[in-house]
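Novice:
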Amino acid sequence: MTMKDAGLIPVTIKAIGENGKGNISLQLIAQQGGLLPAYLPGAHIDVFIPELGPRQYSLCTENNGGEYYEICVKLAENSSGGSHFIHHRFSVGDTLSISMPRNHFPLPLAGRYLLFAGGIGITPLLAMAEQIAQQEIDFELHYYIADLDKAAFTSRLNAPELAKHVFLHDSGANDSLRHNTPLSLRQPDENTRVMACGPDGFIQRLEDIMQTHHWQKNQLSFERFSNKNINNDTDDQEFHIQLNSSGKCYLVGPNQSIAEVLLSAKVDIMLSCEQGICGSCITDVIDGIPDHRDCVLTEEEKAENTQITLCCSRSKSPVLVLDL
18 MTMKDAGLIP VTIKAIGENG KGNISLQLIA QQGGLLPAYL PGAHIDVFIP ELGPRQYSLC
78 TENNGGEYYE ICVKLAENSS GGSHFIHHRF SVGDTLSISM PRNHFPLPLA GRYLLFAGGI
138 GITPLLAMAE QIAQQEIDFE LHYYIADLDK AAFTSRLNAP ELAKHVFLHD SGANDSLRHN
198 TPLSLRQPDE NTRVMACGPD GFIQRLEDIM QTHHWQKNQL SFERFSNKNI NNDTDDQEFH
258 IQLNSSGKCY LVGPNQSIAE VLLSAKVDIM LSCEQGICGS CITDVIDGIP DHRDCVLTEE
318 EKAENTQITL CCSRSKSPVL VLDL
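Last residue of the sequence shown? That's 341 in the working numbering, and every number before it is there in order.
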């Protein structure tokens with residue numbers, strides 16, 4: 018992350034604890050004391066890991082009064098090192114930097130909600146469920162886990178205000194979306210919004226089910242663990258980007274990202290996940306048509322062609338003018 022490391026918050030690890038097999042939760046408090054910035058369910062932060070850089074984690078604090086932030090981290094078998102470092106090298110009392118909360122997965126207004134979590138995808142949805150319960154709006158939370166011993170936040174899920182709304186599915190025992198579609202998904206309702214977080218295959222299966230049962234596409238909001246739209250497309254063409262403030266132009270080659278070119282030119286931009294899933298590099302487009310390849314902007318936002326993610330998206334126009 019550049020932009021002079023804008024908005025970084027120094028924090029201290031207050032507590033670390035197991036949260037289901039293979040998961041740990043960390044409580045983070047402001048290093049200088051006081052309250053941390055407020056946020057709404059669906060928000061995430063960048064955690065800056067020594068030697069590795071930023072990694073994104075959803076905020077899942079039980080009571081968002083600002084006294085601390087909580088994140089839950091699954092030890093990934095094939096991670097890029099972030100989860101391994103957090104599990105094996107972080108200790109209570111360690112200090113680190115985090116970003117300000119960002120929210121590209123907000124809870125929209127609706128008369129009813131269906132929440133679908135795949136594995137560690139429970140993290141943003143739990144906070145949503147607790148808020149919905151407080152507002153006394155009807156909802157269901159379907160939590161799919163390959164091994165029930167790995168379920169996180171079981172005490173919070175069993176709280177009286179949530180328990181009757183929670184459905185825990187043992188995917189390892191064939192109680193998966195593929196094998197057993199919940200009745201609520203087979204009965205589309207125009208007043209219901211569906212929120213989902215999980216692996217690509219989980220999200221794709223949910224999209225397919227909703228299409229089969231004639232839900233409207235805009236009734237689903239989701240957050241993926243990775244971006245399936247990123248590829249090494251040999252048909253990518255070069256194009257130019259122009260900075261609106263200075264008029265300077267730069268060539269983006271077939272194997273370069275816009276972000277790479279801008280950073281090489283010493284143009285100060287925000288950059289974090291580099292996969293089009295966090296939204297930190299979203300930039301306004303003044304002229305030209307983006308080739309959207311991110312998982313952050315909605316279909317409606319992409320159709321407007323007024324914003325672009327610099328880390329992964331490209332241009333359909335010979336020149337793309339950016340508000341930089």
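The beta carbon of each residue, even a glycine, is placed where N, CA and C say it ideally should be. No experiment lies behind these values; they were computed from the predicted model shown.
Take ALA168 as the anchor and find which of PRO123, ALA60, ASP311, GLY136 has the nearest alpha-carbon.
Specialist: For this step, residue 168 is matched to residue 151 along the sequence shown. Taking only the C-alpha atoms, the option nearest ALA168 is GLY136.
Novice: How far does the alpha helix (DSSP H) with VAL278 in it extend, from its first residue to its last?
Specialist: Position 261 of the sequence shown, counted from the first residue, corresponds to residue 278. Segment 275-281, the alpha helix (DSSP H) holding VAL278.
Novice: In the DSSP assignment, the alpha helix (DSSP H) including ILE306 goes from what residue to what residue?
Specialist: Residue numbering aside, residue 306 sits at position 289 when the sequence shown is read from its first letter. First-last for ILE306: undefined, no H or E at that position.
Novice: Give me the Cα-Cα distance between ALA55 and GLY82, rounded to the nearest whole angstrom.
Specialist: The count along the sequence shown starts at 1 and reaches residue 55 at position 38. The count along the sequence shown starts at 1 and reaches residue 82 at position 65. Approximately 7 Å, taken between the alpha carbons.
Novice: Name, in chain order, the residues that DSSP records as bridge partners for ALA134.
Specialist: Within the sequence shown, numbered from 1, the residue matching residue 134 stands at position 117. Answer is TYR160, CYS214.
Novice: So, helix, strand or coil for GLN233, using DSSP?
Specialist: As a first step, residue 233 must be located in the sequence shown, where it is residue number 216. Here GLN233 sits in coil by DSSP.
Novice: Can you tell me the Cα-Cα spacing of ARG203 and HIS230, whole angstroms?
Specialist: Stepping through the sequence shown from its first residue, residue 203 is reached at position 186. Stepping through the sequence shown from its first residue, residue 230 is reached at position 213. Their Cα atoms are separated by approximately 6 Å.
Novice: Assign LEU158 to buried or exposed, taking buried as 16 or more other Cβ atoms, counted over all protein chains shown, within 10 Å of its Cβ.
Specialist: Your numbering for residue 158 matches position 141 in the sequence shown. Answer is buried; the Cβ neighbour count reaches 16.
Novice: Find out if the Cβ-Cβ distance for the pair ILE33, ILE46 is shorter than 7 Å.
Specialist: Position 16 of the sequence shown, counted from the first residue, corresponds to residue 33. Position 29 of the sequence shown, counted from the first residue, corresponds to residue 46. Cβ distance not < 7 Å, so ILE33 and ILE46 don't count as in contact.
Novice: Taking the straight line between their C-alpha atoms, what separation do you get for GLN44 and TYR130?
Specialist: In the sequence shown, counting from the first residue as 1, residue 44 sits at position 27. In the sequence shown, counting from the first residue as 1, residue 130 sits at position 113. The alpha-carbon atoms of GLN44 and TYR130 are separated by roughly 28 Å.
Novice: Let me check understanding here. Comparing Cα to Cα, which of ALA213, GLN49, LEU223, ASN80 lies closest to PRO125?
Specialist: Along the sequence shown, one-based indexing puts residue 125 at 108. Measuring from the Cα of PRO125, the nearest candidate turns out to be ALA213.
Novice: Quick one: is ARG106 buried, meaning 16 or more other Cβ sit within 10 Å of its Cβ, or exposed?
Specialist: Sequence index remark: in the sequence shown, residue 106 carries index 89 (1-based). Classification for ARG106: exposed.
Novice: Which residue or residues does DSSP assign as beta-bridge partners of SER4?
Specialist: Here the chain covers residues 18 to 341 and nothing more, so residue 4 does not appear.
Novice: Per the DSSP calculation, GLN324 is bridged to which residue(s)?
Specialist: Mapped onto the sequence shown, residue 324 falls at position 307. ASP301, per the DSSP bridge assignment.
Novice: In chain order, what residues of the same chain lie with their CB nearer than 8 Å to the CB of PHE184, ignoring the 5 residues before and after it?
Specialist: Within the sequence shown, the letter at position 167 stands for residue 184. Result list for PHE184: GLU157, LEU158, HIS159, TYR160, PRO199, in chain order.
Novice: Please report how far the alpha carbon of ILE66 lies from the alpha carbon of GLU207, in whole angstroms.
Specialist: What you label residue 66 is simply residue 49 of the sequence shown in a count that begins at 1. What you label residue 207 is simply residue 190 of the sequence shown in a count that begins at 1. So the two alpha carbons sit approximately 43 Å from each other.
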